[in-house]
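In the numbering used here, the protein residues as written are 2 to 373.
Heads up, the beta-carbon is just placed ideally off N, CA and C, and yes, glycines get one too.
Here the structure is a predicted model, which is why all the values come from computation and not from measurement.
Report on one structure; see the data block that follows.
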């Protein structure tokens, strides 16, 4: 099988899902090409698309939330969205690429490439089977404008939400969000801590804001450090993502504190999740799913208004996570509940096993092999 996997740099989750599929296909002996299609129009164009999103959600999350709500209203109109129209401008670049390279199937972990392929399809371009992968626990605005052969969705419970947007039910594949195989590997918390050089005993909290370092990380770090002061051998690991300034500020603040480890980003996220007792993060679709697959008690912080609000609500309603939308007022309470309510962590982990498919990537690749 020769597979093309298209993603877009608007947050790390889309790329993470794409690489998970690519790695699994390669492990099976197939060829998998990972591509941000906007690079076909130039590296600067791809950077503009990705960085514009990152800057908005880092600096003006409410503005992003307002734009998302506008999208929810606009999608009700019987006209093509401006988002689709802009993405379709890339059609010529992608057509040339597909003419020069043969693929048996195309996966997409972002709706933008789906829009581009749809523009080609409408102009009569023959395409191999196309599979759109939803990376949030909702049908985001304008996803339905990408006409694909199949749609991988996070849960069968969400099928009606997608069909209400005009996507045929027979095209839905409720496999779950694909995660990298390393999150499913079995090794103990003690082994993970040994590998990472963390204290083998004591409460360990992992705080992250996704690949882009969004959310109220400084405020949450202060609260967690105070909370851990009462814990023997308590450790806080902070992942700052793509926020160099935040990383430098926190390094300076906690340079004399042996209980706090500050990192930018890490290729060893699966090990850090396995090592920690509580994972605190914004509710990205990928990071939340990776945590559930890893089996980590989860507190979701400061969602970016829009799809992450839906993610937090879905995890919370299924008792897979606690939420602390406003860390300064909610986080200490959530931590206290997490640590003191008998059986809560076990109930949370059981819910994660019930509602999240750890073999989503395997199931998707099995389907692609059968399809071809």
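Query, Result
"Of all the alpha helix (DSSP H) runs that stay within the bounds of the segment 6-32, which reach a length of 4 or more residues?", "13-28"
"Between the Cα of residue 292 and the Cα atoms of 65, 207 and 243, which residue gives the shortest distance?", "207"
"Does residue 227 pass the burial test, meaning 16 or more other C-beta atoms within 10 Å, or should it be called exposed?", "exposed"
"Where residue 257 and residue 339 are concerned, what is the direct C-alpha to C-alpha distance, given to the nearest angstrom?", "28 Å"
"Closest to residue 177 by CA distance: which of 203, 87 and 365 is it?", "365"
"In angstroms, rounded to a whole number, what distance separates the CA positions of residue 264 and residue 255?", "12 Å"
"My output table needs one value for residue 164: the three-state DSSP class, helix, strand or coil.", "helix"
"In whole angstroms, what separates the C-alpha of residue 357 from that of residue 294?", "7 Å"
"What three-state label does DSSP hand residue 2 in the structure shown?", "coil"
"Does the beta-carbon distance from residue 119 to residue 93 come in below 9 Å?", "no"
"Alpha carbon to alpha carbon, how far is residue 314 from residue 235? Give it in angstroms, no decimals.", "29 Å"
"Is it the case that the Cβ atoms of residue 153 and residue 17 are separated by a distance below 9 Å?", "no"
"With a 10 Å radius around its C-beta and 16 neighbouring C-beta atoms as the bar for buried, classify residue 341 as buried or exposed.", "exposed"
"Find out if the Cβ-Cβ distance for the pair residue 36, residue 6 is shorter than 9 Å.", "yes"
"Is it a yes or a no for the segment 321-332 touching the segment 300-312, going by three-plus beta-carbon pairs under 8 Å?", "yes"
"Just verifying my parser: in three-state terms, what is the DSSP assignment at residue 257?", "coil"
"What does the Cβ neighbour count give for residue 343, buried or exposed, with the cut at 16 atoms within 10 Å?", "exposed"
"Rounding to the nearest angstrom, what Cα-Cα distance links residue 370 and residue 2 in this structure?", "8 Å"
"Assign residue 11 to buried or exposed, taking buried as 16 or more other Cβ atoms, counted over all protein chains shown, within 10 Å of its Cβ.", "buried"
"By Cβ distance below 7 Å, which residues in the same chain neighbour residue 203 in space, the five residues on each side in sequence not counted?", "232, 233, 234, 235 and 236"
"Per DSSP, what kind of secondary structure is residue 139 in: helix, strand or coil?", "coil"
"Ignoring anything shorter than 4 residues or poking outside the segment 216-298, list the alpha helix (DSSP H) runs there in chain order.", "218-229, 245-254, 270-276 and 286-295"
"So residue 66 and residue 287 are in contact, right, with Cβ under 8 Å, and what is the actual spacing, rounded?", "That belief does not hold up - the Cβ atoms of residue 66 and residue 287 are roughly 20 Å apart, past 8 Å."
"For residue 313, report the span of its alpha helix (DSSP H) as first-last.", "308-318"
"From residue 157 to residue 138, what distance separates their C-alpha atoms?", "11 Å"
"According to DSSP, what are the bridge partners of residue 35?", "6"
"In or out: residue 169 buried (at least 16 other Cβ within 10 Å) or exposed?", "exposed"
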